[in-house]
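K.L.:
Quick one: this structure, given as structure tokens, is what I'll be asking you about.
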Amino acid sequence: MPGRPNILFIFTDQQRLSAAGAYGETPCRTPAIDRLAGQGTLFENAYTVYPVCSPARGTIMTGVYPHTHGITSNIHEVGCSVHELQDRPTLLPRRLQAAGYATGYTGKWHLGTDRPSTFEGGNRPSLPSTVGFEGQDFPGHGGDGKGYSAYRKWAAQKGYAHKLKPWAEPTRKVRAGVGVLDLPLEATVPYYLVDMTIELIERFRARNTPFFIALNFWGPHTPYYATQEFVDLYRDVEIPPWPNYEWPSRETPGPHHLKIHWDKESLSWADWAVWIRYYYARMSMIDSQIGRLQDYLSQQGLLDDTAVIFTADHGETSGSHGGLLDKGWHHFEETHRIPFVVRLPGGAGAGARRAEFVSLADVYPTVLDLAGADWDREQVHGRSLVPLIRGEAREWRDAVVTEFLGLGNVGTCMKTIRMGNLKYGCNMSWPDELYDLDTDPHEMVNRIDDPGCADALEQLRDRLEQWMTETRDPALRMFQWRRRKSLD
Numbered sequence: 000m001p002g003r004p005n006i007l008f009i010f011t012d013q014q015r016l017s018a019a020g021a022y023g024e025t026p027c028r029t030p031a032i033d034r035l036a037g038q039g040t041l042f043e044n045a046y047t048v049y050p051v052c053s054p055a056r057g058t059i060m061t062g063v064y065p066h067t068h069g070i071t072s073n074i075h076e077v078g079c080s081v082h083e084l085q086d087r088p089t090l091l092p093r094r095l096q097a098a099g100y101a102t103g104y105t106g107k108w109h110l111g112t113d114r115p116s117t118f119e120g121g122n123r124p125s126l127p128s129t130v131g132f133e134g135q136d137f138p139g140h141g142g143d144g145k146g147y148s149a150y151r152k153w154a155a156q157k158g159y160a161h162k163l164k165p166w167a168e169p170t171r172k173v174r175a176g177v178g179v180l181d182l183p184l185e186a187t188v189p190y191y192l193v194d195m196t197i198e199l200i201e202r203f204r205a206r207n208t209p210f211f212i213a214l215n216f217w218g219p220h221t222p223y224y225a226t227q228e229f230v231d232l233y234r235d236v237e238i239p240p241w242p243n244y245e246w247p248s249r250e251t252p253g254p255h256h257l258k259i260h261w262d263k264e265s266l267s268w269a270d271w272a273v274w275i276r277y278y279y280a281r282m283s284m285i286d287s288q289i290g291r292l293q294d295y296l297s298q299q300g301l302l303d304d305t306a307v308i309f310t311a312d313h314g315e316t317s318g319s320h321g322g323l324l325d326k327g328w329h330h331f332e333e334t335h336r337i338p339f340v341v342r343l344p345g346g347a348g349a350g351a352r353r354a355e356f357v358s359l360a361d362v363y364p365t366v367l368d369l370a371g372a373d374w375d376r377e378q379v380h381g382r383s384l385v386p387l388i389r390g391e392a393r394e395w396r397d398a399v400v401t402e403f404l405g406l407g408n409v410g411t412c413m414k415t416i417r418m419g420n421l422k423y424g425c426n427m428s429w430p431d432e433l434y435d436l437d438t439d440p441h442e443m444v445n446r447i448d449d450p451g452c453a454d455a456l457e458q459l460r461d462r463l464e465q466w467m468t469e470t471r472d473p474a475l476r477m478f479q480w481r482r483r484k485s486l487d
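With numbering that gives the first Met the number 0, letter number 248 in the sequence shown gets 247, and the count goes up by one each step, no holes.
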């Protein structure tokens, strides 16, 4: 239908803010993301709904927090209530199809498999093609995508197979899954995904229909594999220690202990620095393919008709906060705060940086708003960012929430709320946490027992309780009981 934009959704996996140059001083080089930020609106305070892959991705498809859509851990783990995303009219692709859009998908899925659930009463297998997408079906997590037959066949046609060069760094590996690809860039998985995205664009253009395409990169999540040119990009680049690298993680009680590196005491910063160089190298390799796609859109005259949304499912610790790995089991900015950029056709908001609180839950209503599609504003937890970008929003949220219910077959219940520069972490089964990001931006001093913060703490707890009520959080009663007990 005329007048409606194409929509390109670019989603990275486990990208912390230091892996996006547009977010401030960093060794990481991401010229394509930086270019997108210059053409669009960058949101400085964007937060994931849940710092784990499957739950965050479920929110993209449903517009609601994990405690509502039920993908409450990575799929097929104990603690996940829904193991396969089930098709229904309210899913993002079905809403878009009802509005006349073609819908395409490529890359990481992690919302279902091609096999029945191993759990009693499990759900039917779910793949992009079973919920309304055209494109590629990559069941499960996928690692870095190299194991799928579609990629292997594509690479073989170019005369290549996935291969790593021998480890030649002077330091030990922080963990497995890092190395130099013995391939040219043109034979890598990120290159393949952009090729597939371009194929989808051409297919939909031939139909003369507006399209939504979700491009989902495996990375910079481990494994940190990159071609030699991107590893060399960081060869002589200094990687300074994180400001909270010396934080006493072992001596500080809290659920974060589940993510302290098992051999932290024997690792030096030099070990971590090499690890982070490979993380940045992988991100720069992905960024090069985002740039290739931008160039294609420009050359084809599609940029003026295409909205681009770029964000990540969650961040990464990479040794911060005293040697933490991966994500989950804490409230820290490194995993909760995410890059988020929106470029609208026509240049609205170009070059703007917005400080308002934004949630990954806002992707669903933003996409549907751009498409002129319908959604249930009473049920959906996010809000469209279009009025905010265009300067038409009269009011906006005063707080943003991230939840965490477990990972790796271990369950818990943790809620993080940020309001102003204060962040409250409710741990349910551990003592709570409170950080002042104004005076303590690296979250090294827990002020939960500071009498000077008592009033502010109660305001944060009140606001979290209000949010839990509004979103029908099933943990609300336990949260209320816990509050009452603390007053006894």
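For every residue, glycine included, the Cβ atom is placed at its ideal position computed from N, Cα and C. Just so you know, these numbers come straight off a predicted model, no measurement behind them.
Classify residue 1 as helix, strand or coil using the three-state DSSP reduction.
P.N.:
Caution is warranted here: a pLDDT of 45 is assigned to residue 1, below 50, making its placement in the model unreliable, and the coordinate value is therefore given only provisionally. If DSSP states are grouped into helix, strand and coil, residue 1 belongs with coil.
K.L.:
Count the other CB atoms, across all protein chains shown, that sit within 10 Å of the CB of residue 63; report buried if there are 16 or more and exposed otherwise.
P.N.:
buried
K.L.:
Give a yes or no on contact between the segment 363–382 and the segment 441–454, applying the rule of three or more CB pairs nearer than 8 Å.
P.N.:
no
K.L.:
Could you tell me which uninterrupted alpha helix (DSSP H) segments, each at least 4 residues in length, are contained entirely in the segment 327–405, listed from first to last along the chain?
P.N.:
332–335, 362–370, 385–388
K.L.:
So, under 8 Å CB-CB, residue 232 and residue 283 are touching, yes? Tell me the CB distance rounded to an integer number of Å.
P.N.:
6 Å
K.L.:
Give a yes or no on contact between the segment 245–260 and the segment 308–322, applying the rule of three or more CB pairs nearer than 8 Å.
P.N.:
yes
K.L.:
Would you call the segment 166–174 in contact with the segment 124–136, where contact means no fewer than 3 C-beta pairs closer than 8 Å?
P.N.:
no
K.L.:
Write down the C-beta distance between residue 183 and residue 278 rounded to the nearest angstrom, noting that I regard them as a contact closer than 8 Å.
P.N.:
With a Cβ gap of about 21 Å, residue 183 and residue 278 do not count as contacting.
K.L.:
Which word fits residue 333, buried or exposed, when buried means at least 16 other C-beta atoms lie within 10 angstroms of its C-beta?
P.N.:
buried
K.L.:
Just the Cα atoms here: how many angstroms apart are residue 176 and residue 221?
P.N.:
Near 6 Å, if we compare the C-alpha coordinates of residue 221 and residue 176.
K.L.:
Are there any heavy atoms of the ligand HEM lying less than 7 Å away from the beta-carbon of residue 207, as far as the coordinates show?
P.N.:
What this structure holds is no ligand at all, so the ligand HEM is not there to describe.
K.L.:
Would you mind sorting residue 37 into buried or exposed? The rule is 16 or more other CB atoms within 10 Å of its CB.
P.N.:
exposed
K.L.:
So residue 466 is in the alpha helix (DSSP H); what residue range does that whole segment cover?
P.N.:
First-last of the alpha helix (DSSP H) with residue 466: 453–469.
K.L.:
Should residue 89 and residue 335 be called a contact, given that it needs their Cβ atoms to be closer than 8 Å?
P.N.:
No.
K.L.:
Look up residue 162 in the DSSP assignment and give the residues it is bridged to.
P.N.:
In the DSSP output, where bridge partners are listed per residue, residue 162 has none listed.
K.L.:
Quick one, are the C-beta atoms of residue 216 and residue 280 less than 8 Å apart?
P.N.:
no
K.L.:
With distance defined between alpha-carbon atoms, name the residue in 305, 226, 224, 412 nearest to residue 328.
P.N.:
Checking every option, the nearest Cα to that of residue 328 belongs to 412.
K.L.:
Would you mind sorting residue 0 into buried or exposed? The rule is 16 or more other CB atoms within 10 Å of its CB.
P.N.:
Note on residue 0: pLDDT 37, under 50, position unreliable in the model; no value is reported.
K.L.:
Once you ignore the five residues that flank residue 330 on each side, which residues in its own chain have a CB closer than 8 Å to its CB?
P.N.:
401, 413, 415, 422, 424, 432, 434, 442
K.L.:
Classify residue 57 as helix, strand or coil using the three-state DSSP reduction.
P.N.:
Residue 57 falls in the helix class under three-state DSSP.
K.L.:
Taking the straight line between their C-alpha atoms, what separation do you get for residue 178 and residue 225?
P.N.:
The alpha-carbon of residue 178 is positioned some 7 Å away from that of residue 225.
K.L.:
Using CA atoms only, rank isn't needed, just tell me which of 408, 372, 419, 10 is closest to residue 395.
P.N.:
419
K.L.:
Cα separation between residue 256 and residue 10?
P.N.:
29 Å
K.L.:
On the DSSP bridge assignment, give the partners of residue 199 in chain order.
P.N.:
Answer is none; residue 199 lacks a bridge partner.
K.L.:
Against chain B, with Cβ distances strictly below 8 Å, would residue 32 count as a contact?
P.N.:
Of the protein chains in this structure there is only one, and it is not chain B.
K.L.:
So who's on the other strand from residue 414, going by DSSP bridges?
P.N.:
Listed as beta-bridge partners of residue 414 by DSSP are 402, 425.
K.L.:
Name the DSSP beta bridge partners of residue 210, please?
P.N.:
The secondary-structure analysis by DSSP pairs residue 210 across a beta bridge with 101.
K.L.:
Is residue 137 helix, strand or coil when you go by DSSP?
P.N.:
coil
K.L.:
Can you tell which of 20, 32, 67, 7 has the C-alpha that lies nearest to the C-alpha of residue 470?
P.N.:
Considering only 20, 32, 67, 7, the residue with the shortest C-alpha distance to residue 470 is 67.
K.L.:
Tell whether a beta-carbon distance below 8 Å holds between residue 388 and residue 359.
P.N.:
For residue 388 and residue 359, no; Cβs fall outside 8 Å.
K.L.:
Tell me whether residue 279 sits in a helix, a strand or coil according to DSSP, three-state version.
P.N.:
helix
K.L.:
Roughly how many angstroms separate the alpha carbons of residue 480 and residue 258, rounded to a whole number?
P.N.:
29 Å
K.L.:
Would you kindly work out how many angstroms separate the C-alpha atoms of residue 268 and residue 15, rounded to a whole number?
P.N.:
19 Å
K.L.:
Would you mind sorting residue 243 into buried or exposed? The rule is 16 or more other CB atoms within 10 Å of its CB.
P.N.:
buried
K.L.:
Taking the continuous beta strand (DSSP E) assigned at residue 435, which residues delimit it?
P.N.:
432–435
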